[in-house]
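Q: The sequence shown runs contiguously to residue 733 in the numbering used here.
All C-beta atoms in this analysis are idealised placements derived from N, C-alpha and C, irrespective of residue type, glycine included.
Take this structure first; my questions come after.
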Amino acid sequence: MTRFTLPRDLYHGKGSLEALKTLEGKKAIICVGGGSMKRNGFLQKAEDYLKEAGMEVKLFEGIESDPSVDTVMKGAKVMEEYGPDWIVAIGGGSPIDAAKAMWVKYEYPDITFEEMCKVFGMPKLRKKAHFCAVSSTSGTATEVTAFSVITDYEKGIKYPLADFEITPDVAIVDPELAETMPVKLVAHTGMDAMTHAIEAYVSTANCDYTDPLALHAIKMIHETLIKSYNGDMAARDSMHNAQCLAGMAFSNALLGIVHSMAHKTGAAFEGGHIIHGAANAMYLPKVIKYNAKNEEAAKRYAEIADFIHLGGNTTEEKIDKLIELLRKMNDELNIPHCIKHYGEGGLPAEEGIVPEDEFLKKLPEIAANAILDACTGSNPRQPNQEEMEKLLKCCYYDTEVDF
Numbered sequence: 331m332t333r334f335t336l337p338r339d340l341y342h343g344k345g346s347l348e349a350l351k352t353l354e355g356k357k358a359i360i361c362v363g364g365g366s367m368k369r370n371g372f373l374q375k376a377e378d379y380l381k382e383a384g385m386e387v388k389l390f391e392g393i394e395s396d397p398s399v400d401t402v403m404k405g406a407k408v409m410e411e412y413g414p415d416w417i418v419a420i421g422g423g424s425p426i427d428a429a430k431a432m433w434v435k436y437e438y439p440d441i442t443f444e445e446m447c448k449v450f451g452m453p454k455l456r457k458k459a460h461f462c463a464v465s466s467t468s469g470t471a472t473e474v475t476a477f478s479v480i481t482d483y484e485k486g487i488k489y490p491l492a493d494f495e496i497t498p499d500v501a502i503v504d505p506e507l508a509e510t511m512p513v514k515l516v517a518h519t520g521m522d523a524m525t526h527a528i529e530a531y532v533s534t535a536n537c538d539y540t541d542p543l544a545l546h547a548i549k550m551i552h553e554t555l556i557k558s559y560n561g562d563m564a565a566r567d568s569m570h571n572a573q574c575l576a577g578m579a580f581s582n583a584l585l586g587i588v589h590s591m592a593h594k595t596g597a598a599f600e601g602g603h604i605i606h607g608a609a610n611a612m613y614l615p616k617v618i619k620y621n622a623k624n625e626e627a628a629k630r631y632a633e634i635a636d637f638i639h640l641g642g643n644t645t646e647e648k649i650d651k652l653i654e655l656l657r658k659m660n661d662e663l664n665i666p667h668c669i670k671h672y673g674e675g676g677l678p679a680e681e682g683i684v685p686e687d688e689f690l691k692k693l694p695e696i697a698a699n700a701i702l703d704a705c706t707g708s709n710p711r712q713p714n715q716e717e718m719e720k721l722l723k724c725c726y727y728d729t730e731v732d733f
């Protein structure tokens, strides 16, 4: 038996933020990030709509990118004191992910972060509050998923929380919010969405319910991401839908080692963060080459190439065409091909933020952590320690995967 879970209600299209007026409750807390939602007037609109619904409203502001365990604990304490029956998270993946984790801690004050990280082992939620997610970026799709990523900065590790319990009750996918994204964010979140869709399609947990969502998302992203990056707002609107479809796919089909590697390299280096979407963009072509040694995965990568009409006669040619496309997209989006050339803000650089000696020193531990990541289990080819280290080296130097 397999489960397929999505939010109960999903409101989409321009102006769908207004759906907040339909929520029924007494108290709402809005969790929000660094200020773009306030600057663009969306936070005020959300607050006004909730008040129109008859609710008292409190704000929890300033959730950082790559939210920390500390932020989660602080937010949960505020919730415990305030007692909301609706948690509304608005913004990119970070405030929504943080609010999901806060939700668990709010409902179960004694739960530890380690207990929250147990894959598909969370207690039943909704005893105190329901959850509404409003996405402003076109990538993580956390508004429809059973996942949240929280960073333990002391350990330098990102931990994915995974359980259908944290799938939001209501998702709002309003493209007006996404139109305010800076282009760098368009690039990184867009390639995150592409990675979600491709990994979901080749995951060992794929099924008839997830495959159409994944394939259509890949097609839409292929057709609209570069246009969106170059300022086409109709394409930007389409990307907001595409990333959500990719999220529906991977929330149920799960992911693979592109994400495992991105989670474990993201906060590991002293020179700075490797932005999640950029990490996925760099690692995806390498992982495709690695996974293609698995016959079923190779067949499915070739199906993707056929679906978006990339050409090629043999399975191997089709996979090479797919890899070539993804690398070309990275070039057009100004994303580097490897960690060695990953510069400040995710831009290509001759000398990146991760020195070679630091990478090699931390490599065994990062590889071991990536193997243990929640996303590794559904990858079509299971790497051992030696293979994971070799794969990460390929991602550092941009060398050929031939094993």
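Determine whether the Cβ of Gly363 lies closer than 8 angstroms to any Cβ atom of chain B.
A: The displayed structure is made up of one protein chain only, and chain B is not part of it.
Q: Would you give the residue range spanned by the beta strand (DSSP E) that Ala463 belongs to?
A: His460 to Ser465 is the span of the beta strand (DSSP E), which, as asked, contains Ala463.
Q: For Cys361, which of helix, strand or coil comes out of DSSP?
A: In this structure, Cys361 counts as strand in the three-state DSSP scheme.
Q: According to the Cβ coordinates, are Ser590 and Cys725 closer than 8 angstroms?
A: No, these two residues do not count as a Cβ contact at 8 angstroms.
Q: Excluding the 5 residues preceding and the 5 following Tyr483 in the sequence, name in chain order all residues of the same chain whose CB lies nearer than 7 angstroms to its CB.
A: Ser398 and Ala597, listed in sequence order.
Q: Of the choices Lys720, Glu716, Glu719 and Leu702, whose alpha-carbon is the least far from that of Lys448?
A: When only C-alpha atoms are compared, the closest one is Leu702.
Q: Between Gly642 and the ligand MG, is there a pair consisting of the residue's CB and a ligand heavy atom that are separated by less than 7 angstroms?
A: With respect to small molecules bound, the structure shown includes none, and the ligand MG cannot be examined in it.
Q: Smallest Cα separation from Glu662: which of Cys462, Gly363, Gly520 and Cys537?
A: It is Gly520.
Q: Can you tell me whether DSSP reads Asp339 as helix, strand or coil?
A: Asp339 falls in the strand class under three-state DSSP.
Q: Would you decide whether Asp538 is buried or exposed? Buried here means 16 or more other CB atoms lie within 10 Å of its CB.
A: Flag for Asp538 reads exposed.
Q: I need the straight-line Cα distance from Ala697 to Tyr489, nearest angstrom please.
A: Taking the straight line joining both Cα atoms gives about 15 angstroms.
Q: Leu575 and Glu529 look like a contact to me (Cβ under 8 angstroms); what is the Cβ gap, rounded to whole Å?
A: Not really, about 14 angstroms apart at Cβ, beyond 8 angstroms.
Q: Kindly confirm or deny that the segment 496-510 and the segment 395-412 touch, where touching means at least three C-beta pairs closer than 8 angstroms.
A: Touching, no.
Q: Say whether the segment 673-690 touches the segment 419-439, bearing in mind that this needs 3 or more beta-carbon pairs closer than 8 angstroms, one atom from each stretch.
A: With the cut-off at 8 angstroms, the segment 673-690 and the segment 419-439 do not touch.
Q: Would you call the segment 623-638 and the segment 407-415 touching, i.e. three or more CB-CB distances under 8 angstroms?
A: Contact fails: fewer than three Cβ-Cβ distances are below 8 angstroms.
Q: In angstroms with no decimal places, state the Cα-to-Cα distance between Leu373 and Gly364.
A: Each residue's Cα considered, the two are about 11 angstroms apart.
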